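In what follows, a single structure is set out as structure tokens and then discussed.
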């Protein structure tokens, strides 16, 4: 009986430690679930960042070309790191790159674009984050691949790297092009 007094707390601690450690091991950021995969883009119109660019709405995604939507903000450090890779996406034939400015101000977003360049065909502003809720945005940066019919085919959470661009995003763009 005396042994149980010592063994039970040790076992309870071991079980608790295992549960807490297992909760730290989350899925990879690009595997976070999304209820929007294989569904149409949300029916939300994002106003343009400023008068020099166009915003976008659901109809803009069903125009026959693959669209990549990058959710970013000027206050996001990983967004700064992935900025040069977006130029590679904007140079792809038959692919449009839309920017989704999330919880930011137009002035700060323009400053970011002045510093890192503007690879976007269109720029929508979501200053209060409401459109981000409809899109299921967890945080920035996030990147979505939408086929020519306006169906979300892939979602990548986190900053793009050369490896994720080549190994994940470009294959998803090709799948969206081929319609599979």
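In my numbering, the protein residues as written are 263 to 442. Virtual Cβ for every residue (Gly too), placed ideally from N, Cα, C. Predicted model only: the values in this text are computed from it and were never measured.
Do the stretch 296-313 and the stretch 383-393 make contact, defined as three or more Cβ pairs closer than 8 Å?
yes
Taking DSSP's pairing of strands, which residues face residue 416 in a bridge?
If you number the chain shown from 1, residue 416 lands on position 154. Residue 416 is bridged to 407.
So the beta strand (DSSP E) residue 360 belongs to, where does it begin and stop?
On the chain shown, position 98 is the one that residue 360 refers to. Looking at the DSSP string, the run of the beta strand (DSSP E) that includes residue 360 is 357-364.
In this structure, how does DSSP classify residue 323 when only helix, strand and coil are distinguished?
Sequence index remark: in the chain shown, residue 323 carries index 61 (1-based). If DSSP states are grouped into helix, strand and coil, residue 323 belongs with the helices.
Give the secondary structure of residue 304 by DSSP, where H, G and I count as helix, E and B as strand, and everything else as coil.
Start at 1 with the first residue of the chain shown, and residue 304 comes out as number 42. Reduced to three states, the DSSP call for residue 304 is coil.
Sequence-distant residues of the same chain with beta carbon closer than 6 Å to residue 438, five excluded per side:
Position 176 of the chain shown, counting from 1, holds the residue named residue 438. Excluding sequence neighbours, residue 438 sits near 328, 407, 409, 415.
Tell me the DSSP secondary structure of residue 310 in three-state form.
In the chain shown, counting from the first residue as 1, residue 310 sits at position 48. Correct three-state label for residue 310: strand.
Grab me the residues of residue 318's own chain with a C-beta within less than 7 Å of its C-beta, minus the 5 sequence neighbours each way, in chain order.
Stepping through the chain shown from its first residue, residue 318 is reached at position 56. Excluding residues within five positions, the ones whose Cβ falls inside 7 Å are 308, 360, 384, 386.
Less than 8 Å between the C-beta atoms of residue 333 and residue 362, yes or no?
Position 71 of the chain shown, counted from the first residue, corresponds to residue 333. Position 100 of the chain shown, counted from the first residue, corresponds to residue 362. Cβ distance < 8 Å, so residue 333 and residue 362 count as in contact.
Residue from 369, 400, 375, 275 whose Cα sits closest to the Cα of residue 349
The count along the chain shown starts at 1 and reaches residue 349 at position 87. It is 375.
Am I right that residue 366 and residue 335 are in contact with their C-beta atoms under 8 Å? What's the rounded C-beta distance?
Indexing the chain shown from 1 puts residue 366 at position 104. Indexing the chain shown from 1 puts residue 335 at position 73. Rounded, the Cβ-Cβ distance is 4 Å, consistent with contact.
Alpha carbon to alpha carbon, how far is residue 394 from residue 369? Give it in angstroms, no decimals.
As a working mapping, residue 369 is identified with position 107 in the chain shown. As a working mapping, residue 394 is identified with position 132 in the chain shown. Their Cα atoms are separated by approximately 20 Å.
Along the alpha helix (DSSP H) that carries residue 386, what are the first and last residues, could you check?
Stepping through the chain shown from its first residue, residue 386 is reached at position 124. Note, residue 386: premise wrong, no alpha helix (DSSP H); beta strand (DSSP E) at 384-388.
On the CB-based measure, 16 or more other CB atoms within 10 Å of its CB, does residue 313 come out buried or exposed?
Taking the chain shown and counting its residues from 1, one reaches residue 313 at position 51. So residue 313 ends up on the exposed side.
Keeping to the same chain, check which residues put their C-beta closer than 7 Å to that of residue 296; ignore five residues upstream and five downstream.
Translated into positions along the chain shown, residue 296 becomes position 34. Taken in chain order, the residues that qualify are 398, 417.
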